[in-house]
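Novice: Note that the sequence shown covers residues 254 to 415 in our numbering.
Don't be surprised by glycine CBs; every beta carbon is placed ideally from N, CA and C.
In this text the structure is predicted, and so the values were computed from the model without any measurement.
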Amino acid sequence: MDNIKVTDINIKIKSKEDIINYLKSTDRIDYNALINIFKANDKIILSRKEIIYLLKIINDKSNRRCPYCNSISISRHQKYTKYKDGVTKERFRCKECRKTFSDTTNTIFHNAKLPFEKIQMCVKEVTNENTIRTAAKNLDISVPTAFYMKHKILNNKIAADI
Numbered sequence: 254m255d256n257i258k259v260t261d262i263n264i265k266i267k268s269k270e271d272i273i274n275y276l277k278s279t280d281r282i283d284y285n286a287l288i289n290i291f292k293a294n295d296k297i298i299l300s301r302k303e304i305i306y307l308l309k310i311i312n313d314k315s316n317r318r319c320p321y322c323n324s325i326s327i328s329r330h331q332k333y334t335k336y337k338d339g340v341t342k343e344r345f346r347c348k349e350c351r352k353t354f355s356d357t358t359n360t361i362f363h364n365a366k367l368p369f370e371k372i373q374m375c376v377k378e379v380t381n382e383n384t385i386r387t388a389a390k391n392l393d394i395s396v397p398t399a400f401y402m403k404h405k406i407l408n409n410k411i412a413a414d415i
């Protein structure tokens with residue numbers, strides 16, 4: 254899939270509704286598109302519920318696959334997991350490798366202890382090439398947490414320009 258450049262998104266995205274409409278309407282959609290939206294828009298911060306909804310849109314459009322073996326032979330594994338804030342997450346199971354996964358698997362939101370809002374701000378800090386100490390100070394998180402998040406972002410190869 255083609256990566257969507259930040260400049261392509263700046264023209265279209267002004268609000269949360271624009272993000273949802275953009276991701277629903279485009280055929281060139283992947284996880285990098287969502288991250289590029291985070292980088293391009295300083296004023297738009299999405300909640301956990303909105304991010305999980307957007308990840309679901311992305312996975313549904315790209316014909317959900319197993320993140321471990323890339324098989325398209327998957328099934329729903331269990332009912333929704335419901336969180337305090339009303340967010341529900343669904344788990345899936347690959348019929349070939351038998352591993353389970355959710356929409357957040359292999360993303361920077363997987364097993365995240367930080368609020369999703371801080372993770373979005375962390376993406377902006379990392380892509381601005383700030384040092385880990387500066388990012389930690391700006392986000393009011395510890396230096397080891399900033400280090401972990403920066404490497405999680407870099408390992409997922411979510412920002413092509415880093």
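Could you spell out where the alpha helix (DSSP H) holding Phe400 opens and where it closes?
Specialist: Residues 396 to 408.
Novice: Does the separation of the CB atoms of Pro320 and Phe354 fall below 7 Å?
Specialist: Yes, these two residues count as a Cβ contact at 7 Å.
Novice: How would you write the range of the alpha helix (DSSP H) that Arg386 sits in, first residue to last?
Specialist: First-last of the alpha helix (DSSP H) with Arg386: 385 to 392.
Novice: What is the DSSP secondary structure of Glu343, reduced to helix, strand or coil?
Specialist: Strand, per DSSP.
Novice: In three-state DSSP terms, what is Ile327?
Specialist: Three-state DSSP puts Ile327 in a strand.
Novice: Span of the alpha helix (DSSP H) holding Phe369?
Specialist: 369 to 380 is the span of the alpha helix (DSSP H), which, as asked, contains Phe369.
Novice: Please go through the same chain and pick out, in chain order, the residues whose beta-carbon is closer than 8 Å to the beta-carbon of Lys348, but skip the five residues on each side of it.
Specialist: These residues qualify, in order along the chain: Ser324, Ser326, Ile327, Ser328.
Novice: Short check: CB of Ile379 to CB of Ile406, under 7 Å?
Specialist: It is Val, not Ile, that sits at residue 379 in the sequence shown. Yes.
Novice: Since Thr353 is in the beta strand (DSSP E), which residue starts that stretch and which ends it?
Specialist: Unbroken beta strand (DSSP E) run through Thr353: 353 to 355.
Novice: Where Ser300 and Ala389 are concerned, what is the direct C-alpha to C-alpha distance, given to the nearest angstrom?
Specialist: Going from the Cα of Ser300 to the Cα of Ala389 covers about 21 Å.
Novice: When DSSP labels each residue in this structure, what does Asn316 get in the three-state scheme?
Specialist: Three-state DSSP puts Asn316 in coil, outside helix and strand.
Novice: Going along the chain, which residues of its own chain have a beta-carbon closer than 7 Å to the beta-carbon of Ala365, five neighbours each way excluded?
Specialist: Ile372, listed in sequence order.
Novice: Exposed or buried, which one is Asn312 when buried takes at least 16 other CB atoms within 10 Å?
Specialist: Buried.
Novice: Should Asp393 go down as buried or exposed, given a rule of 16 or more other Cβ atoms within 10 Å for buried?
Specialist: Looking at its Cβ environment, which holds fewer than 16 other Cβ atoms inside 10 Å, Asp393 is exposed.
Novice: List the whole-angstrom C-beta distance separating Lys303 from Lys269, where the pair is believed to meet the contact cut-off of C-beta under 8 Å.
Specialist: Correcting the residue type first, residue 303 is Glu in the shown sequence and not Lys. Confirmed, about 6 Å.
Novice: Nearest to His330 by alpha carbon, out of Met374, Cys322, Arg351?
Specialist: Ranking the options by Cα distance to His330, first place goes to Arg351.
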